[in-house]
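A short worksheet on the structure shown next.
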Amino acid sequence: MRSGGAAAEVIDLSSDDDEESVPSTSAVAIAPSSPRDIKPHELADVKPLLYQLQPPGCHALVPVKDEELVPVPLAFEASEPPRVLPPPRLCRQFWKSGEYVVARRNTDADAPGGRNRLRINPKFLHSNATSHKWAFGAIAELLDNSIDEVNNGATFVRVDKFTNPRDGSPSLLIQDDGGGMNPEALRCCMSFGFSEKQSDAFIGQYGNGFKTSTMRLGADAIVFTQSNKKWTRTRSIGLLSYTFLMETGCDDVLVPTVDYQYDLATGSYTHLSRHNQKLFSSNLAILSKWSPFASEAELLKQFDDIGEHGTKVIVFNLWFNDDGDVELDFNSDIKDILITGAEKKVKTNKPEKIAMQNYVANRLRYSLRAYASILYLRVPDNFRIILRGRDVEPHNVVNDLMYRECVLYKPQIAGLTELSIITTIGFVKGAPDTDVQGFNVYHKNRLITPFWKVASNSYGKGRGVVGILDASFIKPTHDKQDFEKSVLYQRLENRLKEMTYEYWGLHCHRLGYDNKSLPKASRTQYRVKQINAGSPPASASHQLLAADIPSSSRTQSNIGVKRKFDALGAITETNNHHTKHRDVIQRKRFSEHKTLTLENDRLRDDLPITADVVNTAYEKYLLIRGLPMLIFLGTMLLLAIPG
1 MRSGGAAAEV IDLSSDDDEE SVPSTSAVAI APSSPRDIKP HELADVKPLL
51 YQLQPPGCHA LVPVKDEELV PVPLAFEASE PPRVLPPPRL CRQFWKSGEY
101 VVARRNTDAD APGGRNRLRI NPKFLHSNAT SHKWAFGAIA ELLDNSIDEV
151 NNGATFVRVD KFTNPRDGSP SLLIQDDGGG MNPEALRCCM SFGFSEKQSD
201 AFIGQYGNGF KTSTMRLGAD AIVFTQSNKK WTRTRSIGLL SYTFLMETGC
251 DDVLVPTVDY QYDLATGSYT HLSRHNQKLF SSNLAILSKW SPFASEAELL
301 KQFDDIGEHG TKVIVFNLWF NDDGDVELDF NSDIKDILIT GAEKKVKTNK
351 PEKIAMQNYV ANRLRYSLRA YASILYLRVP DNFRIILRGR DVEPHNVVND
401 LMYRECVLYK PQIAGLTELS IITTIGFVKG APDTDVQGFN VYHKNRLITP
451 FWKVASNSYG KGRGVVGILD ASFIKPTHDK QDFEKSVLYQ RLENRLKEMT
501 YEYWGLHCHR LGYDNKSLPK ASRTQYRVKQ INAGSPPASA SHQLLAADIP
551 SSSRTQSNIG VKRKFDALGA ITETNNHHTK HRDVIQRKRF SEHKTLTLEN
601 DRLRDDLPIT ADVVNTAYEK YLLIRGLPML IFLGTMLLLA IPG
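Under full-length UniProt numbering, the first residue of the sequence shown carries the number 1, and numbering increases by one thereafter.
Set out below in structure tokens:
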């Protein structure tokens, strides 16, 4: 393994069952022309001292043997010409930064004692982080860790901008006052797959979220954590740096960490050497060189605002977008963190358009404050999400719904109905002008799919219908931005589509749509109420208002009843003999709607709006509709008269 300038603690998945000694490789010759600092890639390959991956609660399956640290020589005898690393190769654009070249192969991998060693190439840090397609999804992973710390007494999580003292570049800071991590827990956090979160009380479960989220947001992350577990006060600092690994040409993942323990005798924190002081000093040197803090004093100063326990994560060297700008925008809104290059609001004086632009469904893709406001179905009591110094107010989408209904859904798991899921469904306020629809589907209180549009058709049927449910019976993907495409997922999608069309068919008239499933008298009353209230019928297309609405006069609720739908989402009956006349019926409905619309427009422009006027207009509408039939009957009557 390549040491990267000093023997550092390493994410190790060793499986050494034998007790053979591991020979260290010979030194690499360096002949500097003048005194200078020795760069990490110019040092000898040193077999670092491996820490045991069997801390309490981590359940390591195999033992790891300790080895003596090999001192790093500062002068070398010439043996072979060194391989000089190229200039810094790290691309600052995330999707282009996966090209990784190892400076020189670690010959320890071929040594007898290392034949059973499973090594992790640093490129895996990047490829592992590509599971996050969206920067806010990565931030949500870090927020989940803080929410899970509620079980350890956490009361807040703070998300803010941090300025890198080395170069003044913006960084992302996330801090909570949870239980913190002791040295063993920090090493589990920095490793892959270790997780103690197995109960339903936790959101996380895979033991991979910290690595994927931090490496998706930036090239490097440093962790400061203070703990008082097991009545022992400790402080730990760990660095996960893709920049360090790439620019030193490491062929394995090295994670330098240092620990401190509180000394009751002196009343201060002292070095906690897990192996020896040389290893502590070498790790501290790496932290001072590759982190934003150039000395041990600056590193320890970061604990001043943590308190007795808590964790602070700083992600620095943030990734750029394709235009060469930092992906996270801290400057456009001092109260928020935005996605750089987000769509700008269109200036308008129309209230409906302003409401549409400001609604959470249209802002969550580029505003972290909007996304965080609906990220959790229920925020724990006495817990605060603080973004840029201001609390994020939870936004319960249920309160935005009109004409709400609760629908019971019982998914069948392995042929058995074991769960009962309640879905709240309704029209979003401002509909149909607020063109929003879909379902907010949560998993263990965490939002997975925001405004999932299950009903999609060219006629706009389902416009304005929004629902909320917690589907904890389906497993989410690792990035928690979607669900696994299982049979349960397909059944849920089909059922939510049915709910949307059924609710639309029962309540669309409340928004001014012509619902032909209602009796004529009821439809007239709704029109009168809307016109007297000063609200004209919904401004939707003629095709939307007139087509694909059942003409049955039944008024009982159909929620929960399964129906069949055609390719356009229209409700069809199995024995409907009128299907072949659909085109004729639709053209007739279009003509009827046009007549009624023109009549209502004339009345609103020329006459005072009263119930009598509306009834007169409706009578004219019926007369026009029945005129062809009257002509036909009159013709038949004349033909029937003799002579």
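Even glycine gets a Cβ: it sits at the ideal position worked out from N, Cα and C. The structure presented is a predicted model; accordingly, all values stated were derived computationally and were not measured.
Secondary structure note for D263: it is in no alpha helix (DSSP H), and the uninterrupted beta strand (DSSP E) holding it is 257 to 263. The segment 382 to 391 and the segment 468 to 487 do not touch, with fewer than three beta-carbon pairs separated by less than 8 Å. Separation of K211 and Y359 (C-alpha to C-alpha, rounded to the nearest whole angstrom) is 33 Å. In the structure shown, the three-state DSSP call for Q357 is helix. Non-local C-beta neighbours of P170 in its own chain, meaning closer than 8 Å and more than five positions away in sequence, comprise K161, F162, T163, N164, L318, V326, L328, F330, ordered along the chain.
Just so you know, the alpha carbons of S373 and P450 end up roughly 12 Å apart. By DSSP's assignment, T163 forms a beta bridge with P170. Taking one beta carbon from each stretch, the segment 145 to 159 and the segment 265 to 282 have fewer than 3 pairs nearer than 8 Å; the two do not touch. Within its own chain, the residues whose Cβ lies closer than 8 Å to the Cβ of D435, once the five positions on either side in sequence are excluded, are M356, R463, G464, listed in chain order. When secondary structure is reduced to three states using DSSP, R369 falls in the helix class. The straight-line gap separating the alpha-carbon atoms of H395 and I286 is approximately 44 Å. Between H309 and F303, the alpha-carbon positions lie close to 10 Å from each other. By the Cβ neighbour-count rule, V346 is exposed, with fewer than 16 other Cβ atoms within 10 Å of its own.
Scanning the segment 240 to 302 from its first residue to its last, the whole beta strand (DSSP E) runs of 3-plus residues come out as 257 to 263, 268 to 271.
Here the segment 177 to 186 makes no contact with the segment 401 to 409; the two share fewer than three CB pairs at distances below 8 Å. Under the three-state reduction of DSSP, I334 is assigned to coil, being neither helix nor strand.
Straight through space, the alpha carbons of A221 and K335 are spaced by roughly 24 Å.
Fully contained in the segment 412 to 471 are the following beta strand (DSSP E) runs of length 3 or more, in chain order: 421 to 428, 438 to 443, 446 to 452, 465 to 470. Judged by beta-carbon spacing, F320 lies beyond the 8 Å limit of Q481, meaning their Cβ atoms are not closer than that value. CA-CA distance, A431 to T423, rounds to 20 Å. The three-state secondary structure of N317, taken from DSSP, is strand.
Bounds of any alpha helix (DSSP H) do not take in V326, whose DSSP letter is neither H nor E.
If you look at A221, you'll find it in the beta strand (DSSP E) that goes 218 to 227. When beta bridges are read from the DSSP output, R390 appears opposite L387. About 26 Å separates the CB atoms of R235 and A138; that is not less than 8 Å, and the two are not in contact. In terms of CA proximity to A219, P292 leads the group L300, P292, S517, H275. Assignment of Y376 by DSSP, reduced to helix, strand and coil, places it in the strand class. Cα atoms of W504 and K461: separation of roughly 7 Å, rounded to the nearest angstrom. K312 sits in a strand when the DSSP states are folded into three classes.
Taking 8 Å as the cut-off, the Cβ atoms of L186 and T257 count as close.
Residue range 487 to 507 is occupied by the alpha helix (DSSP H) that includes Y503. Residue range 135 to 148 is occupied by the alpha helix (DSSP H) that includes G137. Around the beta carbon of T266, fewer than 16 other beta carbons sit within 10 angstroms, so the residue counts as exposed. Per DSSP, the unbroken alpha helix (DSSP H) holding S127 starts and ends at 123 to 129.
Sequence-distant Cβ neighbours of G426 in its own chain, meaning closer than 6 Å and more than five residues away, are L401, M402, Y403, R404. Counting of Cβ neighbours within 10 angstroms places R378 among the exposed residues, the total staying below 16.
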